[in-house]
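Peer 1: First to last, the sequence lines map onto chains A and B. Under my numbering, the letters of the first sequence match residues 182 to 303, in that order. Under my numbering, the letters of the second sequence match residues 373 to 744, in that order. For each residue, glycine too, the CB sits at the ideal point set by N, CA and C. Remember, it's a predicted structure, so these values are computed and weren't measured experimentally.
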Amino acid sequence: MNASKRAYPVAKVGDLAQGQHMVVAVRGREIGLFNVRGRYYALPNACFHQNGPLCKGAVSGTIIASAETGWKRTWGREGEIVVCPWHSMEYDVMTGQCLAYPKRRLPTWEVRVEGDQISVLM
Amino acid sequence: MKDNTLSGHAHKKDGMIVVDVDVHAHETPAALAPYCEMPWRKTLEHLATVPARYLDIPGFAPSIQTWPSFPQSGGDRRNTVTSAAQMRQDLDDLGVDIAVLFPDHLLSHAAIRQDDYAVALARAYNRWLVEEWLTEDNGLKGALIAPHHRPEAAAEEIRRYASHAHVSAVYLPTCTVDPLYGHRRYDPMYAAAQETGLPVMLHSVTAVHPNFPFNLQGYETVFAAHILAHPLALIANLVSMMETGVPERFPELKIAFTEGGVGWVPWIMLRMDKEYAERRRDVAVLKDRPSSYVRKMYFATQPIEEPEHLGDMATLLTLFGGEDSVMFASDWPHHDFDHPSKVLQIPLSDAARRKIMGLNAMKLLRLKEPAQ
Chain A
182 MNASKRAYPV AKVGDLAQGQ HMVVAVRGRE IGLFNVRGRY YALPNACFHQ
232 NGPLCKGAVS GTIIASAETG WKRTWGREGE IVVCPWHSME YDVMTGQCLA
282 YPKRRLPTWE VRVEGDQISV LM
Chain B
373 MKDNTLSGHA HKKDGMIVVD VDVHAHETPA ALAPYCEMPW RKTLEHLATV
423 PARYLDIPGF APSIQTWPSF PQSGGDRRNT VTSAAQMRQD LDDLGVDIAV
473 LFPDHLLSHA AIRQDDYAVA LARAYNRWLV EEWLTEDNGL KGALIAPHHR
523 PEAAAEEIRR YASHAHVSAV YLPTCTVDPL YGHRRYDPMY AAAQETGLPV
573 MLHSVTAVHP NFPFNLQGYE TVFAAHILAH PLALIANLVS MMETGVPERF
623 PELKIAFTEG GVGWVPWIML RMDKEYAERR RDVAVLKDRP SSYVRKMYFA
673 TQPIEEPEHL GDMATLLTLF GGEDSVMFAS DWPHHDFDHP SKVLQIPLSD
723 AARRKIMGLN AMKLLRLKEP AQ
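This is the structure we're talking about:
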C-alpha cells in the first residue's frame with residue numbers, strides 16, 4: 182500500500198451484501214463501490230464514452246464468444262460486469278477494463294475493510 | 373418515476389442557445405384513442421389492451437424483432453417520456469433550450485399498410501401533440517406526422533397546423549416508406565410544406581423489410597441492422613428526391629435528415645456528383661451537381677460518429693459544408709441518445725459550435741431566440 186494514500190470511510194460491511202453495489206462520495210468524486218463474492222472494488226462513477234453514471238448501472242454477467250467457446254455465444258462472468266445505464270458500455274468491475282475498447286481502462290482504487298468499516302484508499 | 377440519471381450532467385452553456393432537433397414524445401394507443409376518428413378509435417382502444425414492449429405494438433408500431441435480444445443497459449433509466457412537463461425537466465437536465473418532438477411508436481408509421489388507418493393515426497397524433505404537448509411557450513416544438521400514404525391528406529394536415537406557434541416541422545416517416553420520397557405522388561405534400569414554410573424532416577428508425585432498404589432482413593443481429601437501417605433509409609430517400617428533382621422543383625422547400633449520423637453525407641454527395649457527370653441527361657431537371665443541393669439540406673447529428681480522434685469529425689464536416697447545415701440532436705430518451713457534450717467536444721471554432729448546437733436549427737425551424 183502506498184503510504185501517501187489515505188483511507189476514506191465510505192460504508193459499513195452491513196451496507197453492501199455480496200453482489201450489491203452503491204455510489205459513494207470520496208473527496209468530491211462519485212465512486213462506485215462493489216462487493217463481488219465478498220471482495221470489494223471501487224471504480225469512478227463516470228463512463229469514458231459520454232460521461233454517463235456508470236456505477237448506477239446493473240451488475241451482471243456477459244456474453245462471451247471466443248475460440249474457447251467454439252465461437253458460440255455463451256453466458257459467463259456472472260456478477261463481474263457493470264453496464265452503463267446510458268449506452269450499455271460494459272466494464273470489468275475488478276480491473277476497470279472496458280470490454281468494448283481494449284485500450285480503455287478506468288482507474289480503480291483499493292478498498293480496505295477493518296472491522297465493519299469499509300474505506301477507499303485515495 | 374425513478375431518477376432519470378441525467379441530473380448533474382448539464383453542460384456549461386456560456387450563453388449558447390442549444391436546440392435539439394430530435395426528442396421523442398411517448399404516444400400510447402390509449403393516449404391517442406380519444407383524439408382518433410371512428411372506426412379507428414376502436415382499433416386504438418383495443419391496442420391499449422395489448423401488452424406494450426419498447427416501441428413495438430402490433431398494428432400500431434409494426435416492427436418485427438427478428439433478432440435475439442441480450443440484456444443491455446442496466447439500472448433504471450427510463451426510455452419513454454410521457455408528458456410535456458417531464459420532457460421539459462429532462463431537457464433542462466441535458467442543457468437544451470428548444471427541442472423538436474417526434475413520436476415513439478409512430479416512427480414505424482410508414483410500415484402501416486392500410487391507408488385509411490394510417491391517415492387516421494397521423495391525424496390523431498397531430499391533434500394529441502398540439503393539445504397535450506404544445507400548449508406552452510416553453511421551448512417544446514412539434515413535428516407533424518405527414519400521412520404520406522395519402523399525400524393530399526398530408527397536405528391538409530400541414531396547412532391545418534402550419535400557423536400554430538409551436539408547430540415547427542413536418543415529420544416524414546422514413547424507414548420502409550414505399551415508394552421512396554422522390555416519387556411524384558408526394559408533390560402535393562411538398563407543395564404544402566414549401567407554401568407554409570415548414571421544413572420536412574425525414575426521420576429514420578430500425579425496421580427491415582424484404583425490399584427496403586435492400587435485404588437487411590438477412591442479418592442475424594441488431595448490431596448489423598441498426599448500423600445500416602437508419603442511414604440507408606435516409607440515403608435511399610435522398611437519392612430518390614434528387615432523381616426526380618425535388619430540390620429543384622420545390623426550391624424553397626427545406627429538407628432535413630435525422631437519426632442517421634452525418635458520416636454518410638460526404639460519401640453519397642460525392643457518389644451522386646460522380647454519376648451526374650456521366651448521366652446528366654437522366655436527371656436534366658437538376659441545374660447543377662447534386663452536391664449543390666445537398667449543401668442546402670440539413671443533417672442532425674445523432675447518432676453522432678465517435679472516431680478515436682475527434683478532430684476527424686471536424687474534418688468530416690468540412691467535406692460538405694456541415695458548419696452551416698448540421699444540427700445537434702440527442703434522440704432523448706432512446707437507448708442510443710447522445711449527450712450534448714459529445715458534440716461539444718468536437719474541436720470547432722466557437723462560431724461553428726454555436727451554429728451546430730442551435731443556430732442552424734433555428735434557421736431551419738424559423739425560430740426566434742427565447743426570451744432570457
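Pairing CB atoms from the stretch 596-612 of chain B with CB atoms from the stretch 522-542 of chain B, are three or more of them under 8 angstroms?
Peer 2: no
Peer 1: Would you say the stretch 684-697 of chain B touches the stretch 717-733 of chain B, given that touching needs at least three Cβ pairs under 8 angstroms?
Peer 2: yes
Peer 1: Would you identify the three-state DSSP class for B:Y543, choosing helix, strand or coil?
Peer 2: Taking the first residue of the second sequence as 1, we reach residue 543 of chain B at position 171. DSSP places B:Y543 in strand when its eight states are reduced to three.
Peer 1: Kindly list, in the order they appear in chain B, the residues whose Cβ is closer than 9 angstroms to that of A:N216.
Peer 2: In the first sequence, the residue the question calls residue 216 of chain A occupies position 35. The premise fails here: A:N216 is roughly 16 angstroms from chain B at the closest Cβ pair, so nothing lies under 9 angstroms.
Peer 1: In terms of DSSP beta bridges, what is B:M573 paired with?
Peer 2: Within the second sequence, the letter at position 201 stands for residue 573 of chain B. Beta-bridge pairing links B:M573 to B:Y543 and B:A628.
Peer 1: Distance check for A:L287 and B:T377, CA to CA, integer angstroms please.
Peer 2: One-based indexing of the second sequence puts residue 377 of chain B at position 5. One-based indexing of the first sequence puts residue 287 of chain A at position 106. Going from the Cα of B:T377 to the Cα of A:L287 covers about 20 angstroms.
Peer 1: From this set, B:A457, B:V637 and B:K646, which residue's C-alpha is nearest B:V666's C-alpha?
Peer 2: Residue mapping note: residue 666 of chain B aligns to position 294 of the second sequence, counting from 1. The candidate whose alpha carbon is nearest that of B:V666 is B:V637.
Peer 1: Does the beta carbon of A:Q201 sit closer than 8 angstroms to a beta carbon anywhere in chain B?
Peer 2: As a working mapping, residue 201 of chain A is identified with position 20 in the first sequence. Not an interface residue.
Peer 1: The alpha helix (DSSP H) that contains B:Q461, what's its start and end?
Peer 2: Against the second sequence, residue 461 of chain B aligns to sequence position 89. A456 to L466 is the span of the alpha helix (DSSP H), which, as asked, contains B:Q461.
Peer 1: Decide if B:M669 is buried, meaning its Cβ has at least 16 other Cβ atoms within 10 Å, or exposed.
Peer 2: The residue you call residue 669 of chain B lines up with position 297 of the second sequence. Buried is the call here.
Peer 1: State yes or no: is the C-beta of B:W412 within less than 8 angstroms of the C-beta of B:L493?
Peer 2: Here residue 412 of chain B refers to the residue found at position 40 when the second sequence is read from its first residue. Here residue 493 of chain B refers to the residue found at position 121 when the second sequence is read from its first residue. A Cβ-Cβ contact shorter than 8 angstroms links B:W412 with B:L493.
Peer 1: Quick one: list the residues of chain A neighbouring B:T377, beta-carbon separation under 8 angstroms, in chain order.
Peer 2: Position 5 of the second sequence, counting from 1, holds the residue named residue 377 of chain B. Annotation: Cβ neighbours of B:T377 in chain A (cutoff 8 angstroms, chain order): G233, P234, K237, P266 and W267.
Peer 1: For the stretch 242-263 of chain A, enumerate the residues whose C-beta is nearer than 8 angstroms to any C-beta of chain D, in chain order.
Peer 2: The structure shown contains no chain D; its protein chains are A and B.
Peer 1: Using a C-beta to C-beta distance shorter than 7 angstroms, which residues of chain A count as neighbours of B:S713?
Peer 2: On the second sequence, residue 713 of chain B is found 341 positions in, with the first residue counted as 1. Those are Q231 and N232, listed as they occur along chain A.
Peer 1: Is B:F700 close to chain A? Criterion is C-beta to C-beta, closer than 8 angstroms.
Peer 2: If you number the second sequence from 1, residue 700 of chain B lands on position 328. No, because no Cβ of chain A sits closer than 8 angstroms to the Cβ of B:F700.
Peer 1: Report the neighbours of B:F442 on chain A: residues whose CB is nearer than 8 angstroms to its CB, in chain order.
Peer 2: By 1-based counting over the second sequence, the position of residue 442 of chain B is 70. Residues of chain A passing the Cβ test: I244.
Peer 1: Who pairs with B:F709 in a beta bridge, going by DSSP?
Peer 2: Looking up residue 709 of chain B in the second sequence gives position 337. Its beta-bridge partners do not exist; DSSP assigns none.
Peer 1: Could you give the C-beta distance for B:V391 and B:A733, rounded to a whole number, given that I count them as a contact under 8 angstroms?
Peer 2: Mapped onto the second sequence, residue 391 of chain B falls at position 19. Mapped onto the second sequence, residue 733 of chain B falls at position 361. With a Cβ gap of about 4 angstroms, B:V391 and B:A733 count as contacting.
Peer 1: Counting only the same chain and skipping the five closest in sequence on each side, list residues whose C-beta sits under 8 angstroms from that of A:Y221.
Peer 2: In the first sequence, the residue the question calls residue 221 of chain A occupies position 40. Excluding residues within five positions, the ones whose Cβ falls inside 8 angstroms are L197, L214, F215, V292, V294 and I299.
Peer 1: Can you confirm whether the stretch 235-247 of chain A touches the stretch 673-690 of chain B when touching is taken to mean that 3 or more C-beta pairs between the two stretches lie within less than 8 angstroms?
Peer 2: no
Peer 1: Tell me, please, whether the CB atom of B:R449 is closer than 8 angstroms to any CB atom in chain A?
Peer 2: Position 77 of the second sequence, counting from 1, holds the residue named residue 449 of chain B. Yes, because at least one Cβ of chain A sits closer than 8 angstroms to the Cβ of B:R449.
Peer 1: How is B:S612 classed by DSSP in three states: helix, strand or coil?
Peer 2: Against the second sequence, residue 612 of chain B aligns to sequence position 240. Three-state DSSP puts B:S612 in a helix.
Peer 1: Would you check if there are 3 or more beta carbon pairs closer than 8 angstroms linking the stretch 542-560 of chain B to the stretch 502-512 of chain B?
Peer 2: no
Peer 1: Are B:A527 and B:A496 closer than 8 angstroms when you measure CB to CB?
Peer 2: In the second sequence, counting from the first residue as 1, residue 527 of chain B sits at position 155. In the second sequence, counting from the first residue as 1, residue 496 of chain B sits at position 124. No; because the gap between Cβ atoms is not below 8 angstroms, this pair is not in contact.
Peer 1: In angstroms, rounded to a whole number, what distance separates the CA positions of B:M644 and B:N587?
Peer 2: Stepping through the second sequence from its first residue, residue 644 of chain B is reached at position 272. Stepping through the second sequence from its first residue, residue 587 of chain B is reached at position 215. About 22 angstroms.
Peer 1: Can you say whether B:K374 is buried or exposed, counting buried as having 16 or more other CB atoms within 10 angstroms of its CB?
Peer 2: Reading the second sequence from its first residue, position 2 is the one you call residue 374 of chain B. A caution first: B:K374 carries a pLDDT of 44, below 50, which makes its placement in the model too unreliable to give a value.
Peer 1: What are the uninterrupted segments assigned as alpha helix (DSSP H) that are 4 or more residues long and contained completely in the stretch 672-723 of chain B, given in chain order?
Peer 2: 683-690 and 712-716
Peer 1: Is it right to say B:Y562 is buried, meaning 16 or more other beta carbons lie within 10 angstroms of its own, or is it exposed?
Peer 2: As a first step, residue 562 of chain B is located in the second sequence; it is residue number 190 there, counting from the start. Buried, by the Cβ-count rule.
Peer 1: Please report the straight-line C-alpha distance between B:V657 and B:M614, rounded to a whole angstrom.
Peer 2: Taking the second sequence and counting its residues from 1, the one referred to as residue 657 of chain B is at position 285. Taking the second sequence and counting its residues from 1, the one referred to as residue 614 of chain B is at position 242. Take the alpha-carbon of B:V657 and the one of B:M614: they are about 9 angstroms apart.
Peer 1: Mind checking if A:E291 is an interface residue toward chain B, Cβ cutoff 8 angstroms exclusive?
Peer 2: Here residue 291 of chain A is taken as the residue at index 110 of the first sequence, counted from 1. No, no contact with chain B.
Peer 1: Counting only C-beta atoms, is B:D710 closer than 8 angstroms to chain A at any point?
Peer 2: Start at 1 with the first residue of the second sequence, and residue 710 of chain B comes out as number 338. With 8 angstroms as the cut-off, B:D710 counts as an interface residue toward chain A.
Peer 1: Alpha carbons only, please: which of A:A246, A:T276 and A:A192 is nearest the one belonging to A:G296?
Peer 2: Taking the first sequence and counting its residues from 1, the one referred to as residue 296 of chain A is at position 115. Comparing Cα-Cα distances from A:G296 to each of A:A246, A:T276 and A:A192, the minimum goes to A:A192.
Peer 1: Can you name the residues of chain A whose CB is closer than 9 angstroms to the CB of B:H602?
Peer 2: Here residue 602 of chain B is taken as the residue at index 230 of the second sequence, counted from 1. Those do not exist, as B:H602 stays about 16 angstroms from chain A at its closest Cβ, beyond 9 angstroms.
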